[in-house]
Structures are given as C-alpha cells and as structure tokens.
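Protein chains in written order, with my numbering: chain A, 34 to 114; chain B, 22 to 269. Just so you know, even glycine gets a beta-carbon here, dropped at the ideal spot from N, CA and C. Below: the structure, in structure tokens.
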Amino acid sequence: MQKQDIYDWIARTLEETFEIEASRISLDARLYDDLDIDSIDAVDLIVKLQKHTGKRMQPDAFKSVRTVGDVVDAVHALLQQ
Amino acid sequence: MSTLNRMWRIGATGFCFGVFGLGGLVILCVLLPLLQLLPGRTRRRQAAKNTLHYGMRLFSGLMALVGVISYEVRGAEKLRRNGLFVLANHPSLIDVVLLMSLVRRPDCVVKAALWDNPFTCGPVRFAGFISNAGGPAVVDDCVASVRAGNNLIVFPEGTRSVPGQPLNLQRGAANIAVRGPLAITPVSISVSEPMLTKGSKWYRVPQRKPHFILTVHDDVHPDQLFDQEPALAARRLTDWLTQFFTRS
C-alpha cells in the first residue's frame with residue numbers, strides 16, 4: 034500500500050466511523066484536538082486497520098501518534114515490516 | 022444571625038473534612054489490613070464496598086446533622102437494586118458521597134491522583150475502585166463491574182461542572198453504556214447554592230445552607246435508542262445525555 038492509499042482509507046474510515054466532515058480531515062489534522070478522536074475511538078480505528086490490512090497491530094505502535102499524517106506513517110512503517 | 026450561621030458552617034465544614042480525612046486514615050490503617058483476613062476475593066470486594074456505603078451513609082447523616090448541608094432524594098427506591106450503571110451530573114465535591122450513601126456495593130471511576138493522596142488512598146484501595154488511568158480498558162472494567170452486580174457511579178463530565186458554563190460531557194460513560202450494553206440509571210443533582218465547586222476554597226461557605234436534591238430517573242436503555250455502530254451510538258448518546266442533564 035502506498036501512503037496515498039493509506040491516507041485515502043483512513044480519511045474514508047474517519048468519515049464513516051465517526052461522521053467527521055471530509056473538509057476537516059488533512060494530513061496535519063490532529064486526532065484529539067481537531068477531530069475529537071478519543072482513546073476509545075483510537076482502539077476502534079486500530080481494529081478496523083487490522084481487519085483492512087490483515088496485519089496485527091499493537092496499540093503501542095500508535096502511542097506517539099498525534100496527526101492523521103502520523104497514523105499514515107505508522108501504518109506505512111508497519112506494512113513494510 | 023446569618024453571619025453567626027455562616028461562622029458555624031465554616032467550623033462544621035472544617036470538622037467534616039477532618040472526619041472524612043480521619044475516616045480515610047482509619048480505613049487505610051485498620052480496615053484495609055483487617056479485610057485481608059476475610060477469605061475469598063469476591064467476598065472481600067463486596068464487603069469492602071458495602072462498608073464504604075455504610076460509612077458514606079453515616080457521613081452524609083453527619084453533614085446534615087451539623088448543618089453543613091441538607092438533602093432530599095426523590096425516587097431513592099430505584100437505587101435499591103444491584104448491577105446499576107448510575108450516571109449523574111457533578112455540581113459539587115459532595116455528590117459522590119451522597120450517591121455512595123444511596124447504593125449498596127458502590128463502585129466508581131476515580132481519578133488516579135486519589136491513589137496518591139494519604140486520606141483517599143485507603144478508601145480507593147479498600148473498595149477496589151476503578152482508576153481513570155487505565156485508558157480504553159476502563160470501559161471493559163466498568164462493564165465487568167456492573168455485570169458482577171456492583172452499582173457503578175460515573176460522572177460523564179469527568180470532573181465537576183463549571184458553574185454558569187454549559188455541561189461538557191466526555192464520551193467515556195456513553196461508550197460504557199453502548200458497549201456493555203448497559204441500562205443507565207440517571208440521577209440529576211441540583212443544589213440551591215454552589216458549594217465545593219471546582220477550584221473553590223472549602224472555608225468559603227455559601228451565604229445560606231445548601232440544599233441538595235437528588236432525583237433518580239427511570240432507567241434508560243441506550244440500545245433501544247440508538248442502533249448505530251458503537252462509536253457513533255456513543256456520540257449520539259453523549260449528546261442525548263448532555264441535553265438530559267441540562268434540562269433536569
């Protein structure tokens with residue numbers, strides 16, 4: 034998966050799962066401050082990511098994640114392993 | 022006369038804080054070690070929670086007796102059950118004391134700092150309350166506690182309300198209800214005078230003696246209200262609860 038594909042999937046999932054307007058989503062958008070994603074939402078998101086990629090992901094891998102761009106990078110790195 | 026009454030309530034409030042702190046130390050130094058003698062983990066937990074319930078009943082009575090507050094409960098019989106998930110608004114420091122005095126086997130999500138406070142570390146350890154430091158796992162702990170028959174008290178605001186500001190609910194409580202799924206027993210708390218609000222000093226007692234009214238509402242079943250995915254249902258329920266507690 035290219036970074037652009039990962040971003041598209043995350044943006045779509047944020048819209049569908051949490052009803053976040055597409056206009057608010059960008060690489061720089063901060064999950065907690067800008068998109069109102071809390072830690073429970075983050076777990077939901079990781080579960081969906083695992084289902085989508087078929088790869089197990091530890092929540093720890095997302096510990097230092099702040100923005101949508103950080104998630105894209107973290108997922109990209111995990112898929113490279 | 023009102024000055025004298027205020028002076029009295031300042032003294033009485035200080036006295037109540039003293040008794041509360043002393044009670045905390047007694048639990049830490051006497052009851053907590055004694056509890057270990059009781060066989061069976063489940064029995065220990067239940068006995069400790071019930072002990073705290075009776076302690077809070079005594080303490081609520083004491084506060085009313087010395088004239089720090091007066092209070093009334095409407096629909097208290099609805100709380101005489103087990104396995105309740107009690108949600109309440111949070112105008113005052115005293116709310117949790119009053120609620121714990123009304124339900125047997127009280128459980129509560131408590132901020133982690135209380136485990137480090139010498140006066141509260143005894144009671145929170147003794148009763149085995151749920152720390153808010155657990156992150157998303159707190160949701161599962163809460164559901165398990167209610168399923169085990171405890172009466173779990175959660176303040177969806179996560180902290181005391183700011184007087185004059187609109188209620189600001191976190192989504193944790195709604196997530197617990199949606200993911201259980203658990204019925205909610207809402208309790209709305211109103212108080213005639215702001216007392217022990219967030220950031221206020223204990224000795225700045227209100228002009229008049231505050232009167233608390235706790236209204237226990239009928240159970241709400243979120244799974245009958247919202248059928249979306251959990252993340253969305255929790256958002257809808259949070260909005261619903263915000264309106265509910267703002268109205269009542």
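**OP:** Quick one: give me the first and last residue of the beta strand (DSSP E) that B/Leu-173 is part of.
**Re:** Unbroken beta strand (DSSP E) run through B/Leu-173: 172-175.
**OP:** Would you check if the segment 187-197 of chain B and the segment 252-262 of chain B touch, i.e. whether three or more CB-CB distances between them fall below 8 Å?
**Re:** With a cut-off of 8 Å on Cβ pairs, the segment 252-262 of chain B is in contact with the segment 187-197 of chain B, counting three or more such pairs.
**OP:** Grab me the residues of B/Met-69's own chain with a C-beta within less than 7 Å of its C-beta, minus the 5 sequence neighbours each way, in chain order.
**Re:** Note on identity: in this sequence residue 69 of chain B is Ala, with Met being the wrong assignment. Once the five neighbours on either side are set aside, the close Cβ partners of B/Ala-69 are Leu-56, Phe-147, Ala-148 and Gly-149.
**OP:** Put B/Pro-127 into one of helix, strand or coil per three-state DSSP.
**Re:** DSSP places B/Pro-127 within a strand segment (E or B) once states are collapsed to three.
Original post:
Which one of B/Gly-143, B/Asn-138 and B/Gly-88 has the shortest CA to CA distance from B/Ile-48?
Top reply: If we check each option's Cα against that of B/Ile-48, B/Gly-143 comes out closest.
Original post:
So B/Pro-127 packs on B/Leu-73, CB below 8 Å; how close in whole Å?
Top reply: About 7 Å separates the two Cβ atoms, so the contact holds.
Subject >> Inter-stretch contact (C-beta, 8 Å, three-pair minimum) for the segment 95-111 of chain B and the segment 198-206 of chain B >> reply: Of all C-beta pairs linking the segment 95-111 of chain B to the segment 198-206 of chain B, three or more are shorter than 8 Å, placing the two stretches in contact.
**OP:** Please name the residue in B/Tyr-224, B/Asn-138 and B/Leu-173 whose C-alpha comes closest to that of B/Leu-123.
**Re:** If we check each option's Cα against that of B/Leu-123, B/Leu-173 comes out closest.
Subject >> Close-in-space but distant-in-sequence residues of the same chain around B/Ser-213 (CB under 6 Å, 5 per side omitted) >> reply: Around B/Ser-213: Pro-231 and His-232.
Original post:
Does the Cβ-Cβ distance between B/Pro-251 and B/Arg-200 come in under 8 Å?
Top reply: Yes.
**OP:** Pull up the distance between the alpha-carbon of B/Arg-225 and that of B/Leu-114, whole angstroms please.
**Re:** A straight-line Cα-Cα distance of about 14 Å links B/Arg-225 and B/Leu-114.
Original post:
Just the Cα atoms here: how many angstroms apart are A/Ile-73 and B/Pro-157?
Top reply: A/Ile-73 and B/Pro-157 have their alpha carbons spaced roughly 5 Å apart.
**OP:** Could you tell me which residues DSSP pairs with B/Arg-207 in its beta bridges?
**Re:** What sits at residue 207 of chain B in the sequence shown is Pro, not Arg. Residue pairing of B/Pro-207 in beta bridges, as defined by DSSP: B/Leu-108.
Original post:
In chain B, which residues lie less than 7 Å from A/Ile-43 when you measure between Cβ atoms?
Top reply: Here the premise fails: no neighbours, minimum Cβ distance about 15 Å.
Subject >> Three-state class that DSSP yields for B/Ser-152 in the structure shown >> reply: Note: B/Ser-152 maps to strand in three-state DSSP.
**OP:** Could you pull out every residue in the same chain whose Cβ sits closer than 6 Å to the Cβ of B/Thr-236, ignoring the five residues on either side in sequence?
**Re:** Answer for B/Thr-236: Arg-95 and Ser-209, listed in chain order.
Original post:
Who are the near neighbours of B/Ser-166 in its chain, counting only those whose CB is closer than 8 Å to its CB and skipping five residues on each side?
Top reply: Taken in chain order, the residues that qualify are Asp-128, Ile-151 and Leu-173.
**OP:** With distances taken Cα to Cα, identify the nearest neighbour of B/Asn-103 among B/Gly-170, B/Met-216 and B/Arg-268.
**Re:** Checked all of B/Gly-170, B/Met-216 and B/Arg-268; the closest Cα to B/Asn-103 is B/Gly-170.
**OP:** Keeping to the same chain, check which residues put their C-beta closer than 8 Å to that of A/Asp-71; ignore five residues upstream and five downstream.
**Re:** These residues qualify, in order along the chain: Tyr-65.
Original post:
Which residues in chain A sit within 7 Å of B/Pro-252, going by Cβ to Cβ distance?
Top reply: Correcting the residue identity first, residue 252 of chain B is Ala in this sequence and not Pro. Within 7 Å of the CB of B/Ala-252, the CB atoms of chain A belong to Thr-50, Phe-51, Asp-74 and Asp-77, in sequence order along the chain.
**OP:** Answer yes or no: does any C-beta atom of chain B fall closer than 8 Å to that of A/Asp-71?
**Re:** True, the Cβ-Cβ gap to chain B drops below 8 Å.
Subject >> Own chain partners of A/Asp-67 with C-beta closer than 7 Å, once the 5 adjacent residues on each side are dropped >> reply: Excluding residues within five positions, the ones whose Cβ falls inside 7 Å are Arg-57.
Subject >> Cβ neighbour criterion (16 or more within 10 Å) applied to B/Leu-119 >> reply: It counts as buried.
Subject >> Residue range of the beta strand (DSSP E) that includes B/Ile-234 >> reply: Unbroken beta strand (DSSP E) run through B/Ile-234: 232-237.
**OP:** Please decide whether B/Pro-157 counts as near chain A, where near means a Cβ-Cβ distance under 8 Å.
**Re:** Any Cβ of chain A closer than 8 Å to the Cβ of B/Pro-157 would place that residue at the interface, and such an atom is present.
Original post:
How long is the line joining the alpha carbons of A/Lys-88 and A/Ile-79, rounded to whole angstroms?
Top reply: Straight through space, the alpha carbons of A/Ile-79 and A/Lys-88 are spaced by roughly 10 Å.
Original post:
Rounded to the nearest angstrom, how far is the Cβ of A/Val-104 from that of A/Phe-95, given a contact under 8 Å?
Top reply: The C-beta separation of A/Val-104 from A/Phe-95 comes to about 7 Å, placing the pair in contact by the 8 Å criterion.
Subject >> Cβ of B/Asn-110 within 8 Å of any chain A Cβ >> reply: Chain A, which has no Cβ nearer than 8 Å to the Cβ of B/Asn-110, makes this no.
Original post:
From B/Leu-188 to B/Pro-215, what distance separates their C-alpha atoms?
Top reply: Spanning the two alpha carbons is a distance of roughly 15 Å.
Original post:
Run through DSSP, which three-state label would B/Val-160 get?
Top reply: DSSP places B/Val-160 in helix when its eight states are reduced to three.
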